[in-house]
Structure formats: structure tokens, C-alpha cells
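To keep things clear, I will list the structure first and then write my remarks on it.
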Amino acid sequence: MSQSLIDKYNVSGPRYTSYPTVPYWNTEAFSLVQWKASLKRSFEEHNDKEGISLYLHLPFCESLCTFCGCHKRITKRHEVEMPYIKAVLKEWRLYLDVLEGKPKIKELHLGGGTPTFFSPEHLHLLISELLMASDLADNYEFSFEGHPNNTTEAHLQTLFDLGFRRVSYGVQDYNLTIQRAINRVQPFENVKRATDLARAIGYTSVGHDIIFGLPFQTEADVIETINKTEELRPDRIAFYSYAHVPWIKGNGQRGFSDADLPSPASKRQQYETGKQRLQQAGYVEIGMDHFALKEDSLYKAMETQELHRNFMGYTASKTHVMIGLGVSSISDSWYGFAQNVKSNQEYYHLLEHGIIPVFKGHILNDEDLVIRKHILNLMCHFKTEWKDDALQFDALPEVLIKLKEFEHDGLLVFKPQQVLVTEKGKPFIRNICMAFDLLLQRKKPETQLFSMTI
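Residue numbering for the sequence shown follows my numbering, starting at 81 and increasing by one per position.
What follows is the structure in C-alpha cells.
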């Protein structure tokens, strides 16, 4: 990758787990009544055919990882588990009242925080009660994020017995200096133990998360981490850029200085080298920053054009409805987004009064819905087209003019009523999507809202 392209396109930009992106939600026009109506509409349209997705945010961690931009609460007091589980189940019951029908669960994901902070017994209680009021869709997929240091055989077996077949482990990097800088010390032996345990129990997909662009990280560190990863051969790998967003409230990114981070050119070289190593090992690039073996469901979804992207990242199937439970969780009805309150105390208080604990959201207008489809097409399939009238919008001509610059740089090609991203253009997919982002263009942020694209 040329330095001139890095210099040109390394700007602040969204990762597009949604459109509109959260900073551009029209929160003033949003109401809980509208959110419930949009959710019920989408549920009635899609539940029977495709089911729904559930995301459970379990926010507790015993220690703070200073690379993490997720919402979390640091504590070693495990008596917080049961009150939180009771609250999540109460929230689910409120949503069941809105849906007025029995949901079919297609996807269920436990994220955090650290889901394996919770005891196996408490996780069993939480999941089994959630499923009691639901049916399971065909080819459902349950997954969770496990911490290699504290994921036990009991955790894995308990969740396996409940239908979980996918687990992902946060590896980040194996260099001890880097691990200390991000406060995430976990030896290779711990990752191997957790990976081997999952496979012995019967998990069909084990994933590893690796980050490039971390403080003190070099290209050699990335190579060493991938070499060790190849020994364990996880089914899928998230190989993604460290998002340096220390300005976000509650973020722990204070354990190092900006001077400790690799330069944009070094960071991009880490990715290019890592990508080459992964492909040589038999991994195929899926969407943005994800890789999978050809036997994995994520690869098969890409092949059948069923790959989807939402607030959980890339998924192997598309559901129009995704309900997020727990503090800070974001839900998606396709016609609207809603985010829960971020304070545990406020979350508990609202639920005690029978109120779904949403504090902001956005109802998509016709233009939003069309642009959302284009951005999803680009993020999942590296192409989009506007042959269908339903994918036309008034500003399309000016978007196409903006895309000409990417064509000039060899990052995409135009075909009749469609655009295709080239191999050279894939690392710049966020930038290409930004050309469609009319809300971002109409109101440029005065301060930095997003991480850098490269």
C-alpha cells in the first residue's frame, strides 16, 4: 500500500455497524412509543421467516483492559451477578409484552465486559429462562465471548448444553510488553487450554481476536502472534485495528501515550503482513478485518451472499430484528435503533417501574433506509448497485461523483448501475462507505468522533 494513499485516506471515520451512525441519530424526534411500534412492525414482518437476534451485554470485568472502548464496570464483587441477571430477565419480559408473539431465536450472543465473569450456574439460569419463552429458528447460532484466563470447562460445558457452538477469545497480542501496556496479561498456554477445551467439548467454531496498532507493537510482534495462532488454528479470526478513542467517557485508554502507538504507515504494514500470513495459512478475508477457514459458517455466508453486519459485527445470517438486553445495549428493529441507559443504577430503577430502559434512539426515514442498504452491501459484499428503484435516492448522483476519486486511485470500478470495490480498495472500505454517508457530509463533526480509518 502506497504512503500517498495512507496519507490521503487516513481520516476519522465510522466503522458502520449501523447507518445512521450513533452520533447522527435524530434523538430529539425519537420516543419510546415510536421504538416499540417500529419493533412490533418488524417482528410481525420477519419473525416467522427468519427469527430474531438477541445480544446480551454482561458488563462486569475484574480488571480494566486499557485498549478497550466497550462499556464495562470493573469489580471483583461477584454478588453483583444475580441482581443483574434478574434485571435482564425483567427487560426481556417487557419486550415479550411488546412483541405479543413467541419469538424464534436465530442468533444469541453474550458480549461484554466479560461474560465469563459470571458463574456457570448463573449463566445457565439466565439463558434457560430466556429460552423458555421462545422457540428456536432453524440453524440457530449461539455464541459468547470468553476470557482465556477465566473460561473454565464448566463454563464451556454449561453453555454447550444450552446450545452454544461458537466461542471467541480475545488474544490481542502475545508480546508481554504489549500485554502489560494494555493490562491484559494472558500467556499462550491459557489461550491454548481454553481453545482445546472448547474443541474437546464439541464447539464447532472457535474464534480468536487479534489487534494491530497497539502501543509498542511492531510488525515482528504481529508475525509472532499469528505464528502462535496458526498452531491453534481457530476457525475464524477477527484481525482488527486498535481504535484509539480516549476521549470517550469511561474509556480506559490511559495506560500509554499517543507516542507509544505505531505510525499510520507502520500500523498499515502490520495489517498487510498479518493479512498475507493469514491467507497463506488458509484463511479467507471476510468483509472488513475478519478471516475464516472455508469450513466456517462465516465463509459459507459470504459465499451465499447471506453475510450480515450489525452491532454484534459480522454474522452468518441476517435478521431484521436484533434486541439488545442489558446496560448500554443497542437494539435494531431495521426501522429504528434504540440504546439502553449506561448506568446500572438507572437501568435497575427503570425496570423496577416497568419501563424499557432506553434513553436514546433513531427512527430511520426513507433516505436512511436506502443508504443503509448500500453501506451494508459494501461492508458485506464489497459492491452495491442501484438497478432497483428501491435503492435510488435523490443524492445518488453527487455520491457517484465523490466515488470517482476512489476510481481514480484504483480502489473501485464502475459498472452499469453498480460499483465494485477492488482488492486494492478493500482496506479503504470505511472511506468508500463515507461517500454514501449523507448525514456525515451535511454536518461535519467539530471534534473527533471516530477512530482513524487506517
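We put the CB at the ideal spot given by N, CA and C, even for glycine.
Please read all numbers here as calculations on a predicted model, not as lab measurements.
Item	Value
Cβ-based neighbour list, Ile282, same chain, cut-off 8 Å, excluding 5 preceding and 5 following	The amino acid at residue 282 is misidentified as Ile; the sequence shows Gly. Taken in chain order, the residues that qualify are Phe240 and Arg245.
Outcome for Val113 when other beta-carbon atoms lying within 10 angstroms are tallied against a minimum of 16	exposed
Rounded separation between Met392 and Ile132 - CA only	13 Å
Assigned exposure category for Leu188 - 16 Cβ within 10 Å defines buried	buried
Beta-carbon gap between Tyr322 and Ile366 smaller than 7 Å	no
When Tyr320, Thr464, Arg389 and Gly181 are compared against Lys398, the one with the closest alpha-carbon	Arg389
Sub-7 Å separation of Gly441 and Trp115 beta-carbons	yes
Own chain partners of Gln104 with C-beta closer than 6 Å, once the 5 adjacent residues on each side are dropped	The question names Gln, but residue 104 is Tyr in the sequence shown. Excluding positions up to five away in sequence, the list reads Leu519.
Nonlocal neighbours in the same chain, by C-beta distance under 7 Å from Cys513, ignoring five residues either side	Tyr96, Ile455, Leu458 and Met459
Local conformation of Ser377 per DSSP, three classes	helix
Same chain, Cβ closer than 6 Å to Leu378, neighbours up to 5 away in sequence not counted	Arg316, Ile366, Ala372 and Ala396
Residues bridged to Glu365 [DSSP beta-bridge criterion]	Phe371
Residues near Thr464 by beta carbon distance below 7 Å, same chain, minus five either side	His454, Asn457, Leu458, Gln498 and Val499
Where Gln333 falls, given that 16 or more other Cβ within 10 Å makes a residue buried	Confidence at Gln333 is low in this model, with a pLDDT of 48, below 50, so the placement of that residue should be treated as unreliable; the coordinate-derived value is given next. It is buried - the Cβ of Gln333 has at least 16 other Cβ atoms within 10 Å.
Proximity winner among Ala109, Leu206 and Ile154, relative to Cys141 (alpha-carbon distances)	Ile154
Endpoints, the beta strand (DSSP E) within which Glu108 is located	Per DSSP, Glu108 belongs to no beta strand (DSSP E) and is neither H nor E.
Option in Lys186, Pro437 and Gly354 with minimal Cα separation from Asp128	Lys186
Asp289 beta carbon less than 7 Å from that of Ala261	no
The beta strand (DSSP E) enclosing Asp218, as first and last residue numbers	Asp215 to Gly226
Limits of the unbroken beta strand (DSSP E) element including Val557	No information on residue 557 is available, as it lies outside the stretch 81 to 534 that the chain covers here.
Residues bridged to Lys184 (per DSSP)	Asp215
In DSSP terms, what Ser285 is bridged to	Arg246
Span separating the alpha-carbon of Leu206 from that of Glu478	49 Å
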